[in-house]
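Below you'll find the structure, written out as structure tokens, and then a few comments.
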Amino acid sequence: MTVGGRMRALTIAGLVCLGLAGSILHIGLHFPYDQGLLYTYLIPIVSLLLSVLVVPLLFGLRRSAWAQLLNGMTSIVGIVSMSHFWLATGRNTLADSLILITKWALGQLLFEAELDFRAGRAWNAQARRPKWWRFLRPVWWLIHLVAIAAVYALGVIVLGGEG
56 MTVGGRMRAL TIAGLVCLGL AGSILHIGLH FPYDQGLLYT YLIPIVSLLL
106 SVLVVPLLFG LRRSAWAQLL NGMTSIVGIV SMSHFWLATG RNTLADSLIL
156 ITKWALGQLL FEAELDFRAG RAWNAQARRP KWWRFLRPVW WLIHLVAIAA
206 VYALGVIVLG GEG
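The number in this note's numbering is simply the position in the sequence shown, starting from 1, with 55 added.
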């Protein structure tokens, strides 16, 4: 196995470990509360399956764009909903958000490395990205984080949720 292959495998293993750690924290936050079927069982199980099985499998199969879209969107939804949970219950969810940010960053690293690999460049080479690259730039993710947070907050205000 080449150095790049080992780095890729270790990064994917890190994504799996972060997914497991986040799921353990997620279960610890939600199970003490009776929040119904959706929050207590369905969301932790779906987030566990996505974070530990689907996203690493897609990265392993070199479907990096799909993997990073799933990874990034689940990270954004997790950060927004855990921030709301923090505000609504007073339980600190900063560790959960930091795990999600780290998970996003590892996915972004794998995605960019895959683009460089396909273009035949070394990881440290200065490269001109194709125009379609813009849709997964960090600024793109930041815009979506703000937009999803705004829609979520508007939904909580309009529907009269707690927090």
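Backbone N, C-alpha and C define an ideal beta-carbon position, used for all residues, glycine too.
query                                                                                     : result
Whole-Å CB distance - LEU155 paired with GLY133, under 8 Å assumed                        : 5 Å
THR57: first and last residue of the uninterrupted alpha helix (DSSP H) it sits in        : Careful: THR57 lies outside any alpha helix (DSSP H) and carries neither H nor E.
Pairwise C-alpha distance: GLY215 and LYS158                                              : 32 Å
Where LEU116 sits in the DSSP three-state scheme                                          : coil
Contact under 8 Å by Cβ, THR148 with MET137                                               : yes
Beta carbon of SER106 nearer than 8 Å to that of GLU169                                   : no
Same chain, Cβ closer than 6 Å to VAL201, five either side skipped, listed in chain order : none
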